[in-house]
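S.K.:
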Amino acid sequence: MGEIAEDMTDGSCCQNCGQYFKHPKGGIYVHGYPVTCWDCWEEDDEESGVMKADVDTF
Ligand SMILES: [Zn+2]
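Residue numbering for the sequence shown follows the working numbering, starting at 35 and increasing by one per position.
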């Protein structure tokens, strides 16, 4: 696991709160691009181009 800033950039954790994403089969889910977790994501974010996470956080 890298630096938290790096993990936010590759979508291992929420770019807003830093919660890590849980892979359905175990471990950390990496999106490959910055995303916001379901708790942080709001409808306004869609217009500003913020991507919503595919999976839940830990
Ligand atoms: Zn979050």
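Just so you know, even glycine gets a beta-carbon here, dropped at the ideal spot from N, CA and C. This structure is a prediction, so every number in the text was calculated from the model and none was measured.
1. Shortest alpha-carbon distance to Trp72 belongs to which of Glu81, Gly45, Lys86 and His65?
2. Using the beta-carbon count (16 or more within 10 Å), is Tyr63 buried or exposed?
3. Decide if Asp41 is buried, meaning its Cβ has at least 16 other Cβ atoms within 10 Å, or exposed.
4. Near ligand 1, which residues have their beta-carbon closer than 6 Å to a heavy atom?
5. Cα separation between Cys74 and Asn50?
6. Using the beta-carbon count (16 or more within 10 Å), is Phe55 buried or exposed?
M.R.: The answer reads as follows:
1. Lys86
2. buried
3. buried
4. Cys48, Asn50, Cys51, Gln53, Thr70, Cys71, Asp73 and Cys74
5. 7 Å
6. Here Phe55 is buried: its Cβ has 16 or more other Cβ atoms, across all protein chains shown, within 10 Å.
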